[in-house]
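Remarks on the structure that follows.
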Amino acid sequence: MLLKVFLILFVFVVSSDEMVERFLQFAASDHPWRNRVVFLFLWITGCGVAMLLAFLRPMWLRVVLALPLSIAAMFSVIYRGTTDTVLNYSEFFAMWSSRGDWMSAVANYGQHALPGLGVGALLFVAIVLPGFAWRDSVLARAGLVLAYFAPLAAVAAMIDLKGGAAALGVPAPTKVLGMFSHVLYSEITNDFDRQRQSLDARPKPSGARPHVVLIVDESVRGDYLSINGQTADTTPFLRQQQDKLFNFGIASSGFDCSHYSNVVLRFGLPAGSMDKAVRTYPSIWAYAKNAGYRTSFVDAQRRHGQLTNFMTINETKLIDNFVQFSRVDAVERADDFVRKDEAAALEVSRLLKEETPQFIYMNKEGAHAPYEGKYPESETKFRPTMKLGQTLGEGVNRDELKNSYRNAVSWSVDHFFSVLLKDAKLANTVILYTSDHGQNLLEKGVVTHCGQSDPTHGVAVVPLFVVTENLALAAGLREAVRINFGKASHFNIYKTVIGWMGYEAKELPFSYDASLTEPLTGERKFYTGNLLSGETKSHVFSP
Numbered sequence: 006m007l008l009k010v011f012l013i014l015f016v017f018v019v020s021s022d023e024m025v026e027r028f029l030q031f032a033a034s035d036h037p038w039r040n041r042v043v044f045l046f047l048w049i050t051g052c053g054v055a056m057l058l059a060f061l062r063p064m065w066l067r068v069v070l071a072l073p074l075s076i077a078a079m080f081s082v083i084y085r086g087t088t089d090t091v092l093n094y095s096e097f098f099a100m101w102s103s104r105g106d107w108m109s110a111v112a113n114y115g116q117h118a119l120p121g122l123g124v125g126a127l128l129f130v131a132i133v134l135p136g137f138a139w140r141d142s143v144l145a146r147a148g149l150v151l152a153y154f155a156p157l158a159a160v161a162a163m164i165d166l167k168g169g170a171a172a173l174g175v176p177a178p179t180k181v182l183g184m185f186s187h188v189l190y191s192e193i194t195n196d197f198d199r200q201r202q203s204l205d206a207r208p209k210p211s212g213a214r215p216h217v218v219l220i221v222d223e224s225v226r227g228d229y230l231s232i233n234g235q236t237a238d239t240t241p242f243l244r245q246q247q248d249k250l251f252n253f254g255i256a257s258s259g260f261d262c263s264h265y266s267n268v269v270l271r272f273g274l275p276a277g278s279m280d281k282a283v284r285t286y287p288s289i290w291a292y293a294k295n296a297g298y299r300t301s302f303v304d305a306q307r308r309h310g311q312l313t314n315f316m317t318i319n320e321t322k323l324i325d326n327f328v329q330f331s332r333v334d335a336v337e338r339a340d341d342f343v344r345k346d347e348a349a350a351l352e353v354s355r356l357l358k359e360e361t362p363q364f365i366y367m368n369k370e371g372a373h374a375p376y377e378g379k380y381p382e383s384e385t386k387f388r389p390t391m392k393l394g395q396t397l398g399e400g401v402n403r404d405e406l407k408n409s410y411r412n413a414v415s416w417s418v419d420h421f422f423s424v425l426l427k428d429a430k431l432a433n434t435v436i437l438y439t440s441d442h443g444q445n446l447l448e449k450g451v452v453t454h455c456g457q458s459d460p461t462h463g464v465a466v467v468p469l470f471v472v473t474e475n476l477a478l479a480a481g482l483r484e485a486v487r488i489n490f491g492k493a494s495h496f497n498i499y500k501t502v503i504g505w506m507g508y509e510a511k512e513l514p515f516s517y518d519a520s521l522t523e524p525l526t527g528e529r530k531f532y533t534g535n536l537l538s539g540e541t542k543s544h545v546f547s548p
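Add 5 to a position in the sequence shown, counting from 1, and you land on the number used in the working numbering.
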């Protein structure tokens, strides 16, 4: 009996973070005693319920209720071991939003999972292990089940009322399950689109509008393109396209996470005032539809209709052509998998042959870690490389890591454009290319992106260039590159794109950051944190 109690208490303490520090911090809060009472309540009920649960008579009930607590403790320890930081709500929300990448996460960080698996297994065994069982009744069991959910509901409510920081210091199983409860609540209530405003603006009638393509790559770091100064020749094909390529150099991403950066790009959120705009601004699809475009979303990341990057059913109603490659399994280095972006390029080429003006937004598979599985072995240009299936962590040779990444970038960017531009008619087409974020290549910890409150600038370093042979647009872009090279960010893309659709800046009903054709100051910021809750942190971009 005492062994079970000791093991449960041990796991709750070992898996939790900053409990003493958090308790002491309440002395400087507005309501120190109230906060301490609530904090102690969460610790006492969290540990107490787990201990009472361990002595329930029905084995099946112990198993059912122990499993979530064990997984939550395991998750907290794995996160801390991988990132060397405390799990907070913003990062939990980010991971939930990127849950479609769980296989890549396992492949990258699997070696850090062992301590967490041990802690989770210990808690599970401590609760489920046969031993003394108190005489319970159906009523007592029902009461315990209600008590089981009480601290979880309390944490979820605190997050909703006070923000994600309210969960810090709480016992890890209670904290993780409470954060998960709040995420589910947010998804069920779906307040992302509830206040979304409609768009009445329409561009003035004009001649034939160009096809407009916005390509958002995955995990491509801008300074790893040789057209941006990378010493390794990763983009020889693009270097030969200078007559039609207008390169704005190194740009800053909006966020260090895919889903938030894509929201910035699809809704035109202005830097510094995103809190309200994220739920109210109309999407880029609305502008395209009002300008007479046929809209296409080419998604090379997800399958079977799965939505990602906070795309909702309401948003898809404005998309005429929704393309995914559901027959391609996510098997690293499998031929169909590494050629999925190639298939996406061919689909875009086909759409650009249409007479009706097309607006195409593409999410590429790109160069997401693990890098070795993102290009064919026959396309290995830079050696030595990491081994296929090798995880990131201690002992990884950084030169091998960088060579693997160079190969992935060269395939994802240079080869992709060699396919896309082979038959594309660019006289009436304009293509803007960027990436969702950059990469941390072991410069600071092992997390490649989206997981550090104070990350290295590499996570925000992205490419930004335009490809077109439209003479009218080319003249303006040539001047824009001259005055804005090395000064642009994601926040300058939206107004640029809708401008190509025919909208004049003075007639826009919403406030957007400057377009690429307007003089830019070069003072740029990128953000980390939770965009939807407003708990973001800005970072000066200094590549």
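Glycine included, C-beta positions come from ideal geometry on N, C-alpha and C.
Fill in: Selected residue, minimal CA-CA separation from residue 87, among 453, 181 and 11
By 1-based counting over the sequence shown, the position of residue 87 is 82. It is 453.
Item to complete: Given a cut-off of 8 Å, decide if residue 368 and residue 304 are closer than it, judged by their beta-carbon atoms.
Response: Position 299 of the sequence shown holds residue 304. Position 363 of the sequence shown holds residue 368. Pairing residue 304 with residue 368 gives a Cβ-Cβ distance under 8 Å.
Item to complete: Kindly indicate which three-state DSSP category residue 169 falls into: helix, strand or coil?
Response: The residue labelled residue 169 in the question sits at position 164 within the sequence shown. DSSP places residue 169 in helix when its eight states are reduced to three.
Worksheet item: Quick one: what does DSSP say residue 326 is sitting in, helix, strand or coil?
Response: Numbered from 1 along the sequence shown, position 321 holds the residue referred to as residue 326. Note: residue 326 maps to strand in three-state DSSP.
Fill in: Within 8 Å, strictly: CB atoms of residue 225 and residue 415
The residue labelled residue 225 in the question sits at position 220 within the sequence shown. The residue labelled residue 415 in the question sits at position 410 within the sequence shown. No. Outside cutoff.
Worksheet item: Which ranges does the beta strand (DSSP E) cover as unbroken runs of at least 3 residues, wholly within the segment 318-365, from first to last along the chain?
Response: For the segment 318-365, whole beta strand (DSSP E) runs of length 3 or above, ordered along the chain, are 326-329.
Practice prompt. Tell me, to the nearest whole angstrom, how far the beta carbon of residue 527 is from that of residue 491; I am working on the premise that it is less than 8 Å.
Written response: Mapped onto the sequence shown, residue 527 falls at position 522. Mapped onto the sequence shown, residue 491 falls at position 486. The Cβ separation is near 7 Å, so the contact holds.
Worksheet item: Can you tell which of 159, 80 and 162 has the C-alpha that lies nearest to the C-alpha of residue 122?
Response: On the sequence shown, position 117 is the one that residue 122 refers to. Closest by alpha carbon: 80.
Discussion item. Whether or not the segment 200-216 and the segment 43-59 are in contact is what I'm after, with contact meaning three or more pairs of Cβ atoms, one per stretch, closer than 8 Å; do they touch?
Written reply: Result no; under three Cβ-Cβ pairs closer than 8 Å.
Fill in: Coil, strand or helix - residue 419 by DSSP
By one-based count along the sequence shown, residue 419 stands at place 414. Judged by DSSP in its simplified three-state form, residue 419 adopts helix.
Practice prompt. Would you kindly work out how many angstroms separate the C-alpha atoms of residue 542 and residue 438, rounded to a whole number?
Written response: By 1-based counting over the sequence shown, the position of residue 542 is 537. By 1-based counting over the sequence shown, the position of residue 438 is 433. Residue 542 and residue 438 have their C-alpha atoms spaced approximately 26 Å apart.
Worksheet entry | beta strand (DSSP E) segment containing residue 438, residue limits | Taking the first residue of the sequence shown as 1, we reach residue 438 at position 433. Counting along the chain, residue 438 sits inside the beta strand (DSSP E) bounded by residues 434-440.
Worksheet item: Can you tell which of 306, 384 and 332 has its C-alpha closest to the C-alpha of residue 221?
Response: Numbered from 1 along the sequence shown, position 216 holds the residue referred to as residue 221. The shortest Cα separation from residue 221 among 306, 384 and 332 belongs to 306.
Worksheet item: What is the residue span of the alpha helix (DSSP H) that residue 80 lies within?
Response: Taking the first residue of the sequence shown as 1, we reach residue 80 at position 75. Residue 80 -> alpha helix (DSSP H) spans 64-88.
Fill in: Three-pair Cβ contact test at 8 Å for the segment 507-514 versus the segment 206-214
Because the criterion of three Cβ pairs below 8 Å is met, the segment 507-514 and the segment 206-214 touch.
Practice prompt. To the nearest angstrom, report how far apart residue 312 and residue 67 are at their CA atoms.
Written response: The residue labelled residue 312 in the question sits at position 307 within the sequence shown. The residue labelled residue 67 in the question sits at position 62 within the sequence shown. Approximately 35 Å, taken between the alpha carbons.
Item to complete: Tell me where the alpha helix (DSSP H) around residue 222 begins and ends.
Response: Mapped onto the sequence shown, residue 222 falls at position 217. Judged by DSSP secondary structure, residue 222 falls outside any alpha helix (DSSP H) and instead within the beta strand (DSSP E) spanning 216-222.
Worksheet entry | Sequence-distant residues of its chain with Cβ nearer than 6 Å to residue 34 (five each side left out) | For this step, residue 34 is matched to residue 29 along the sequence shown. Non-local beta-carbon contacts of residue 34 in its own chain, meaning distances under 6 Å to residues more than five positions away in sequence, involve 40 in chain order.
Worksheet item: Which same chain residues, not among the five before or five after residue 424, have their C-beta less than 7 Å away from its C-beta?
Response: As a first step, residue 424 is located in the sequence shown; it is residue number 419 there, counting from the start. Correct list, in chain order: 347, 350 and 351.
Worksheet item: Just how far apart, CA to CA, sit residue 503 and residue 364?
Response: As a first step, residue 503 must be located in the sequence shown, where it is residue number 498. As a first step, residue 364 must be located in the sequence shown, where it is residue number 359. Whole-angstrom Cα-Cα distance: 10 Å.
Fill in: Cutoff 7 Å; reference residue 125; Cβ partners in own chain excluding five residues on either side
Here the question's residue 125 lines up with position 120 in the sequence shown. Same-chain partners within the cutoff: 75, 76, 78 and 79.
Discussion item. Using 8 Å for Cβ pairs, my map puts residue 469 next to residue 253. What's the rounded Cβ distance?
Written reply: Working through the sequence shown from its first residue, we reach residue 469 at position 464. Working through the sequence shown from its first residue, we reach residue 253 at position 248. Indeed, because the Cβ distance is near 4 Å, the residues count as touching under 8 Å.
Discussion item. Given this structure, state the Cα-to-Cα distance separating residue 500 from residue 292, to the nearest angstrom.
Written reply: As a working note, residue 500 is residue 495 in the sequence shown. As a working note, residue 292 is residue 287 in the sequence shown. So the two alpha carbons sit approximately 11 Å from each other.
Practice prompt. Using the Cα positions of residue 376 and residue 421, report the straight-line distance between them to the nearest angstrom.
Written response: Counted from its first residue, the sequence shown places residue 376 at position 371. Counted from its first residue, the sequence shown places residue 421 at position 416. Those two C-alpha atoms are separated by around 16 Å.
Worksheet item: residue 336 and residue 327: beta carbons closer than 8 Å?
Response: For the purposes of this step, residue 336 is identified with residue 331 of the sequence shown, where counting begins at 1. For the purposes of this step, residue 327 is identified with residue 322 of the sequence shown, where counting begins at 1. Taking 8 Å as the Cβ cut-off, residue 336 and residue 327 do not qualify as a contacting pair.
Practice prompt. Note down the Cα distance separating residue 247 from residue 217, rounded to an integer number of angstroms.
Written response: Along the sequence shown, one-based indexing puts residue 247 at 242. Along the sequence shown, one-based indexing puts residue 217 at 212. Straight-line Cα distance between these residues: approximately 20 Å.
Worksheet item: Taking C-beta to C-beta, are residue 70 and residue 179 nearer than 8 Å?
Response: Within the sequence shown, the letter at position 65 stands for residue 70. Within the sequence shown, the letter at position 174 stands for residue 179. The criterion of a C-beta distance shorter than 8 Å is not satisfied by residue 70 and residue 179.
Fill in: Whether residue 7 touches residue 283 by CB criterion (8 Å)
Counting from 1 along the sequence shown, the entry for residue 7 is found at position 2. Counting from 1 along the sequence shown, the entry for residue 283 is found at position 278. With respect to the 8 Å criterion, residue 7 and residue 283 are not classified as neighbours on the basis of their beta carbons.
Fill in: Cβ-based burial, residue 9 [other Cβ within 10 Å; buried from 16]
Indexing the sequence shown from 1 puts residue 9 at position 4. Classification for residue 9: buried.
Fill in: Span of the alpha helix (DSSP H), counted from its first residue to its last, around residue 40
Numbered from its first residue, the sequence shown carries residue 40 at position 35. From DSSP, the alpha helix (DSSP H) with residue 40 extends over 37-58.
Discussion item. Please state whether the Cβ-Cβ distance between residue 264 and residue 103 is less than 8 Å.
Written reply: For the purposes of this step, residue 264 is taken as the residue at position 259 of the sequence shown. For the purposes of this step, residue 103 is taken as the residue at position 98 of the sequence shown. Yes.
Worksheet item: Distance, Cα to Cα, residue 523 vs residue 295?
Response: To locate residue 523, count along the sequence shown from 1; it is residue 518. To locate residue 295, count along the sequence shown from 1; it is residue 290. Spanning the two alpha carbons is a distance of roughly 24 Å.
Worksheet entry | Inter-residue Cα distance where the pair is residue 339 and residue 168 | For this step, residue 339 is matched to residue 334 along the sequence shown. For this step, residue 168 is matched to residue 163 along the sequence shown. Rounded to the nearest angstrom, the two C-alpha atoms are 43 Å apart.
Discussion item. Would residue 155 and residue 186 qualify as a contact pair, given that the criterion is a beta-carbon distance under 8 Å?
Written reply: Your numbering for residue 155 matches position 150 in the sequence shown. Your numbering for residue 186 matches position 181 in the sequence shown. In terms of Cβ geometry, residue 155 and residue 186 do not form a close pair [threshold 8 Å].
Worksheet item: By how many angstroms is the C-alpha of residue 471 removed from the C-alpha of residue 250?
Response: One-based indexing of the sequence shown puts residue 250 at position 245. One-based indexing of the sequence shown puts residue 471 at position 466. If you take the alpha carbons of residue 250 and residue 471, they lie about 6 Å apart.
Worksheet item: So residue 475 and residue 429 are in contact, right, with Cβ under 8 Å, and what is the actual spacing, rounded?
Response: Along the sequence shown, read from residue 1 onward, the residue named residue 475 stands at position 470. Along the sequence shown, read from residue 1 onward, the residue named residue 429 stands at position 424. Contact doesn't hold; Cβ gap of about 12 Å is too wide.
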